[in-house]
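Colleague: To start, I am sharing the structure in question, which I have written as structure tokens.
Protein chains: 2
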Amino acid sequence: MTEPMSDAHLRERAAKVIPGGMYGHLNAAIFAPGFPQFFVRGEGCRQWDADGREYVDLMCSWGPIILGHRHPGVEAAVAAQQAAGDCLNGPGPVMVDLAELMVDTIPSADWVMFSKNGTDATTQALMVARAATGRTKVLVAHGAYHGADPWCTPSLAGTTPNERADLIEYPYNDLAGAEAAAAQADGDVAAIIVTPFKHDSFEDQELADPAFARGVRALADRIGAALVIDDVRAGFRLDLRGSWEPFGVRPDLTAWSKAMANGYAIAAVTGTDALRGPAQTLYSTGSFWFSAVAMAAAKTTIETLRDTGGLALMEQAGTRLREGLAAQAASHGFVVNQTGPVQIPWLSFEGDTTLEKAMYWSSACLEEGVYLHPWHNWFLSAAHTPADIDRALAGTDAAFARLHAKYGSD
Amino acid sequence: MTEPMSDAHLRERAAKVIPGGMYGHLNAAIFAPGFPQFFVRGEGCRQWDADGREYVDLMCSWGPIILGHRHPGVEAAVAAQQAAGDCLNGPGPVMVDLAELMVDTIPSADWVMFSKNGTDATTQALMVARAATGRTKVLVAHGAYHGADPWCTPSLAGTTPNERADLIEYPYNDLAGAEAAAAQADGDVAAIIVTPFKHDSFEDQELADPAFARGVRALADRIGAALVIDDVRAGFRLDLRGSWEPFGVRPDLTAWSKAMANGYAIAAVTGTDALRGPAQTLYSTGSFWFSAVAMAAAKTTIETLRDTGGLALMEQAGTRLREGLAAQAASHGFVVNQTGPVQIPWLSFEGDTTLEKAMYWSSACLEEGVYLHPWHNWFLSAAHTPADIDRALAGTDAAFARLHAKYGSD
Chain S
7 MTEPMSDAHL RERAAKVIPG GMYGHLNAAI FAPGFPQFFV RGEGCRQWDA
57 DGREYVDLMC SWGPIILGHR HPGVEAAVAA QQAAGDCLNG PGPVMVDLAE
107 LMVDTIPSAD WVMFSKNGTD ATTQALMVAR AATGRTKVLV AHGAYHGADP
157 WCTPSLAGTT PNERADLIEY PYNDLAGAEA AAAQADGDVA AIIVTPFKHD
207 SFEDQELADP AFARGVRALA DRIGAALVID DVRAGFRLDL RGSWEPFGVR
257 PDLTAWSKAM ANGYAIAAVT GTDALRGPAQ TLYSTGSFWF SAVAMAAAKT
307 TIETLRDTGG LALMEQAGTR LREGLAAQAA SHGFVVNQTG PVQIPWLSFE
357 GDTTLEKAMY WSSACLEEGV YLHPWHNWFL SAAHTPADID RALAGTDAAF
407 ARLHAKYGSD
Chain H
7 MTEPMSDAHL RERAAKVIPG GMYGHLNAAI FAPGFPQFFV RGEGCRQWDA
57 DGREYVDLMC SWGPIILGHR HPGVEAAVAA QQAAGDCLNG PGPVMVDLAE
107 LMVDTIPSAD WVMFSKNGTD ATTQALMVAR AATGRTKVLV AHGAYHGADP
157 WCTPSLAGTT PNERADLIEY PYNDLAGAEA AAAQADGDVA AIIVTPFKHD
207 SFEDQELADP AFARGVRALA DRIGAALVID DVRAGFRLDL RGSWEPFGVR
257 PDLTAWSKAM ANGYAIAAVT GTDALRGPAQ TLYSTGSFWF SAVAMAAAKT
307 TIETLRDTGG LALMEQAGTR LREGLAAQAA SHGFVVNQTG PVQIPWLSFE
357 GDTTLEKAMY WSSACLEEGV YLHPWHNWFL SAAHTPADID RALAGTDAAF
407 ARLHAKYGSD
């Protein structure tokens, strides 16, 4: 590269060769003022942008990083596999190792199919459910994010009505609503798809009511539909066995991706024995779905989480962050809502419907060396030590002070 | 791994944790007898299976490998990017470098959007066309492979009629047929999607008639639809500028993937200035779409192909292989059809409608150390030297001899 490296200059160049200069969930133009677009380095729970600024990373690349950037164990497994081969004429032995590990770890999993994107996995899960039932309709929670294919992307741009015609919406955490949606389908429900908690953008997060979880399980059984948990966002952070396992609710199918390989590109569907035959009838594939390196990364990531108490570390980090933020908000005179599991946290300001305070505060956090998001949940990793959380809290405290100087107390 | 490593034992284990033991295009059960399922190593144009058998690789992992396995230049670029970071809170500067390189290399490209799978790219291209036109229907060639999402997968298992309702089929290389298909849509055609040549499985390949290529370009212009070239399979092997550039036919949108990063997982859509605004309206994204390592691999792959005459090397290798196979078939008394571009070759036996000879011959080739496919086109790389092709030809000759011993001459 002979070009000078700065975020501003990179944006100028990008504007010419990428529509709008950027697209998708990493388009910094739709975050808050001052957010950098380009990043050059990650290490543990720190990231560096193209201008060389260092941040305590509370987004973890929007979920994929769960053991910290460049985790030595994962990188060693990757290097070993890479030295042998990645994309070959068939999968490597590690595909079997990984599938066995997942079947051993996840009580609802009797088999696994791998792919690359979370959207691949949610789409494939619905295909299995449709192949099994011979039915067409799927119940989806209103506003839930299940990926960015035409059937599920939050924007209708570029999609057709037919691509959405097999969906029926229900309100999250509302069993009567789900039952009413099922009734609408008149016996033609292939699947009920549900995220383990409500993590829609721009809204406070909402944990699943255990009675709702058990209720949709019973509803699916009653109508002969598959219960699909979309664990793409929450998977491996809340419970290695699956995010509804603490409720005693086991899905027929689960979609996984994001954190499963500590940043390497992989996704998976796990399912029960009853759906093994139908899964076998699909033609669902991709050029890179069988590549060995991401599978080696996933195997080591899951083993490391299991063997080092990684989920407890994330929970401790999350609790420390939540308690610190609560104390800071109170001391600066702000009423805030902290919602979602502590490992996948979010903070909103009471009554801040225009996101004005969220934007100002997150921009201020950024300037204080803390990368978090104004309208999308954050993610913690097992690499966030108490000292890292305290470093982040020093930044958020300064940002609250600046917010107070601008807006006063609530 | 404490388990003994053999293809047979890996298959036994896989049968328990993967539906049918394997799925998708790398499911060896649907190839020919004796084909190994698991691979452990690739180097240049050679691959090794889990039983340690070495093959001259004429499949190149079904397309992705174009410079040879573990190409030193690509691996060096990968290692450098990996040491800095891959999946971060934003793309790396290499995303801009790669987009600029593609815009500079591909005359029809004014912008680029990256993703992971070929299916991502074909789907995204149709979304752009629909966003641009506000129309719904897409003309697709009968039997063409555009990926494995419900809208395009060759099997209907797990798909719904609505998911296919916006497609209208036309016969490849038949302009009148394409015009008739367009007429059926009554003004509602968003796009015509076409592969640069006909490469349907189980059939002889068929090059595009230049008059057909020019005709669908004119048809798209006349009806105000986007012409989309699906260059996922052929891209970067026939012409770095796009596979129809030699015809002087430029698409509005092109889908790329497979060979673009020598095995690393990436896909892209390129488009014209007129479609930049519509492309900007989509919400199309994925957790790993912005990861820097695959982009670094793609940049080096394309530069290396450009700067080392990689396409000419592939063409020379393909010509040597085709001529050698023609002579061998004749000398053993078989009538064969060699179809498609020489870099993406295929051989079928005249009248072999049950594929009996193809199966026997490809299994024999395998035993003679040559990996090729009985019913899917093959791929060559720039790493196939004349000596490698001669080594392959030694194997194919022995296989023809065995075929002759079994079936006699045609």
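If you read the protein sequences in the order shown, they are chains S and H. Residues in the first sequence are numbered from 7 upward in steps of one, following this note's numbering. Residues in the second sequence are numbered from 7 upward in steps of one, following this note's numbering. For glycine and all other residues, C-beta sits at the position ideal for the given N, C-alpha and C.
Within the chosen definition, does the segment 119-134 of chain H reach the segment 85-92 of chain H through at least 3 CB pairs nearer than 8 Å?
Modeller: Touching, no, given that fewer than three Cβ pairs across the two stretches are closer than 8 Å.
Colleague: Measure how close the beta-carbons of D258 (chain H) and A232 (chain H) come, nearest whole angstrom, since I'm counting them as under 8 Å.
Modeller: Within the second sequence, numbered from 1, the residue matching residue 258 (chain H) stands at position 252. Within the second sequence, numbered from 1, the residue matching residue 232 (chain H) stands at position 226. 4 Å between Cβ atoms; contact.
Colleague: Does DSSP classify F203 (chain S) as helix, strand or coil?
Modeller: The count along the first sequence starts at 1 and reaches residue 203 (chain S) at position 197. Note: F203 (chain S) maps to strand in three-state DSSP.
Colleague: Taking the alpha-carbon positions, what's the A186 (chain S) to I229 (chain S) distance?
Modeller: For the purposes of this step, residue 186 (chain S) is taken as the residue at position 180 of the first sequence. For the purposes of this step, residue 229 (chain S) is taken as the residue at position 223 of the first sequence. So the two alpha carbons sit approximately 12 Å from each other.
Colleague: I'd like to know if T8 (chain H) contacts chain S, where contact means its C-beta is closer than 8 Å to some C-beta of that chain.
Modeller: Locating residue 8 (chain H) in the second sequence gives position 2, where the first residue counts as 1. Bear in mind that a pLDDT of 45 at T8 (chain H), under 50, signals an unreliable position, so the model cannot answer this.
Colleague: Going by DSSP, what residue range makes up the beta strand (DSSP E) through S121 (chain S)?
Modeller: Position 115 of the first sequence holds residue 121 (chain S). Residues W117 to S121.
Colleague: Could you tell me which of S:H410, S:V275 and S:A300 sits nearest to V341 (chain S), measuring between CA atoms?
Modeller: Here residue 341 (chain S) corresponds to residue number 335 of the first sequence, with the count starting at 1. When only C-alpha atoms are compared, the closest one is S:H410.
Colleague: Within a Cβ cutoff of 7 Å, which residues of the same chain sit near Y413 (chain S), ignoring the five residues on either side of it in sequence?
Modeller: In the first sequence, residue 413 (chain S) corresponds to position 407, counting from 1. Closer than 7 Å at Cβ, skipping near neighbours: K363.
Colleague: What residues from the segment 290-313 of chain S come within 7 Å of chain H, judged by C-beta to C-beta, listed N to C?
Modeller: Taking 7 Å as the Cβ-Cβ cut-off against chain H, the residues of the segment 290-313 of chain S that qualify are S290, T291, G292, S293, F294, W295, F296 and S297.
Colleague: Residues in the same chain with beta-carbon distance under 6 Å from M7 (chain S), minus the five sequence neighbours each way, listed in chain order, please.
Modeller: On the first sequence, residue 7 (chain S) is found 1 positions in, with the first residue counted as 1. Caution is warranted here: a pLDDT of 45 is assigned to M7 (chain S), below 50, making its placement in the model unreliable, and the coordinate value is therefore given only provisionally. Hits under 6 Å: none found.
Colleague: How is the alpha helix (DSSP H) around N343 (chain H) delimited, first residue to last?
Modeller: Here residue 343 (chain H) refers to the residue found at position 337 when the second sequence is read from its first residue. Careful: N343 (chain H) lies outside any alpha helix (DSSP H), inside the beta strand (DSSP E) at V342 to T345.
Colleague: If you reduce the DSSP assignment to three classes, tell me which class T260 (chain H) lands in.
Modeller: Looking up residue 260 (chain H) in the second sequence gives position 254. Strand at T260 (chain H).
Colleague: Of the choices H:G124, H:E175, H:P392 and H:A135, whose alpha-carbon is the least far from that of Q286 (chain H)?
Modeller: The count along the second sequence starts at 1 and reaches residue 286 (chain H) at position 280. Cα-wise, what sits closest to Q286 (chain H) is H:A135.
Colleague: Let me know the secondary structure DSSP gives H75 (chain H) once reduced to three states.
Modeller: Along the second sequence, read from residue 1 onward, the residue named residue 75 (chain H) stands at position 69. If DSSP states are grouped into helix, strand and coil, H75 (chain H) belongs with the strands.
Colleague: Which residue wins for smallest C-alpha separation from A127 (chain S), given the options S:A214, S:P113, S:V109 and S:A154?
Modeller: By one-based count along the first sequence, residue 127 (chain S) stands at place 121. The candidate whose alpha carbon is nearest that of A127 (chain S) is S:A154.
Colleague: So, helix, strand or coil for T325 (chain S), using DSSP?
Modeller: In the first sequence, counting from the first residue as 1, residue 325 (chain S) sits at position 319. If DSSP states are grouped into helix, strand and coil, T325 (chain S) belongs with the helices.
Colleague: Using the Cβ count rule (16 or more neighbours within 10 Å means buried), how would you classify A189 (chain S)?
Modeller: The residue labelled residue 189 (chain S) in the question sits at position 183 within the first sequence. Classification of A189 (chain S): exposed, given that the 10 Å Cβ count is below 16.
Colleague: Is the beta carbon of Y178 (chain S) closer than 8 Å to that of A204 (chain S)?
Modeller: Along the first sequence, one-based indexing puts residue 204 (chain S) at 198. Along the first sequence, one-based indexing puts residue 178 (chain S) at 172. For the record, residue 204 (chain S) in the displayed sequence is Lys; it is not Ala. Yes; because the gap between Cβ atoms is below 8 Å, this pair is in contact.
Colleague: Return yes when the Cβ of V23 (chain H) is within less than 8 Å of the Cβ of A105 (chain S), no when it is not.
Modeller: Numbered from its first residue, the first sequence carries residue 105 (chain S) at position 99. Numbered from its first residue, the second sequence carries residue 23 (chain H) at position 17. Yes, the pair counts as a contact, with Cβ atoms nearer than the cut-off.
Colleague: Please list, in chain order, all residues of the same chain as A303 (chain S) whose beta carbon is under 7 Å from its beta carbon, the five residues on each side excluded.
Modeller: Counting from 1 along the first sequence, the entry for residue 303 (chain S) is found at position 297. Result list for A303 (chain S): V80, A83, V84, A267, N268 and Y270, in chain order.
Colleague: Which of the three DSSP states, helix, strand or coil, is assigned to L317 (chain H)?
Modeller: For the purposes of this step, residue 317 (chain H) is taken as the residue at position 311 of the second sequence. Correct three-state label for L317 (chain H): helix.
Colleague: So, does the CB of P70 (chain S) fall closer than 8 Å to a CB anywhere in chain H?
Modeller: Within the first sequence, the letter at position 64 stands for residue 70 (chain S). It does; some Cβ of chain H falls within 8 Å.
Colleague: How should P351 (chain H) be labelled, buried or exposed, when 16 other C-beta atoms within 10 angstroms of its C-beta is the threshold for buried?
Modeller: To locate residue 351 (chain H), count along the second sequence from 1; it is residue 345. Buried is the call here.
Colleague: In chain S, which residues lie with their C-beta within 8 Å of the C-beta of D155 (chain H)?
Modeller: For the purposes of this step, residue 155 (chain H) is identified with residue 149 of the second sequence, where counting begins at 1. Within chain S, the residues near D155 (chain H) are T129 and D155.
Colleague: I need the DSSP call for Q190 (chain H), collapsed to helix, strand or coil.
Modeller: Residue numbering aside, residue 190 (chain H) sits at position 184 when the second sequence is read from its first letter. The answer is helix: DSSP assigns Q190 (chain H) an H, G or I state.
Colleague: Could you say if the segment 397-410 of chain S and the segment 67-76 of chain S meet the contact criterion of at least three C-beta pairs nearer than 8 Å?
Modeller: Because the criterion of three Cβ pairs below 8 Å is not met, the segment 397-410 of chain S and the segment 67-76 of chain S do not touch.
Colleague: Just how far apart, CA to CA, sit G324 (chain S) and P202 (chain S)?
Modeller: On the first sequence, residue 324 (chain S) is found 318 positions in, with the first residue counted as 1. On the first sequence, residue 202 (chain S) is found 196 positions in, with the first residue counted as 1. Near 18 Å, if we compare the C-alpha coordinates of P202 (chain S) and G324 (chain S).
Colleague: Just the chain H side, please: which residues come within less than 7 Å of K264 (chain S) by C-beta, in chain order?
Modeller: Within the first sequence, the letter at position 258 stands for residue 264 (chain S). Near K264 (chain S) (Cβ distances below 7 Å), the residues of chain H are S293.
Colleague: If you compare alpha carbons, which of S:S293, S:A261, S:T291 and S:F294 is closest to T278 (chain S)?
Modeller: Within the first sequence, the letter at position 272 stands for residue 278 (chain S). For T278 (chain S), the nearest C-alpha among the options comes from S:A261.
Colleague: Just confirm the distance between the C-beta atoms of V255 (chain H) and Y61 (chain H), as a whole number of angstroms; I'd bet it's less than 8 Å.
Modeller: Within the second sequence, the letter at position 249 stands for residue 255 (chain H). Within the second sequence, the letter at position 55 stands for residue 61 (chain H). Contact flag wrong, Cβ pair sits at about 37 Å.
Colleague: Select from H:Y289, H:A398 and H:P392 the residue whose C-alpha is nearest the C-alpha of T125 (chain S).
Modeller: Start at 1 with the first residue of the first sequence, and residue 125 (chain S) comes out as number 119. For T125 (chain S), the nearest C-alpha among the options comes from H:Y289.
Colleague: Are the CB atoms of D13 (chain S) and D57 (chain S) within a distance shorter than 8 Å?
Modeller: Your numbering for residue 57 (chain S) matches position 51 in the first sequence. Your numbering for residue 13 (chain S) matches position 7 in the first sequence. Closer than 8 Å, so yes.
Colleague: Quick check on DSSP: helix, strand or coil for E60 (chain S)?
Modeller: Counting from one through the first sequence, the residue named residue 60 (chain S) turns up at place 54. In the structure shown, E60 (chain S) sits in a strand (DSSP, three-state: E or B).
Colleague: For L331 (chain S), which residues of its own chain have a beta-carbon under 8 Å away from its beta-carbon, when the five flanking residues on both sides are left out?
Modeller: Walking along the first sequence from the start, residue 331 (chain S) turns up at place 325. V342, Q344, L353, L399 and T402, listed in sequence order.
Colleague: Is G48 (chain S) helix, strand or coil when you go by DSSP?
Modeller: Mapped onto the first sequence, residue 48 (chain S) falls at position 42. Strand, per DSSP.
Colleague: Taking A150 (chain S) as part of the beta strand (DSSP E), name the residues at either end of that continuous run.
Modeller: As a working mapping, residue 150 (chain S) is identified with position 144 in the first sequence. No beta strand (DSSP E) contains A150 (chain S), which DSSP labels as neither H nor E.
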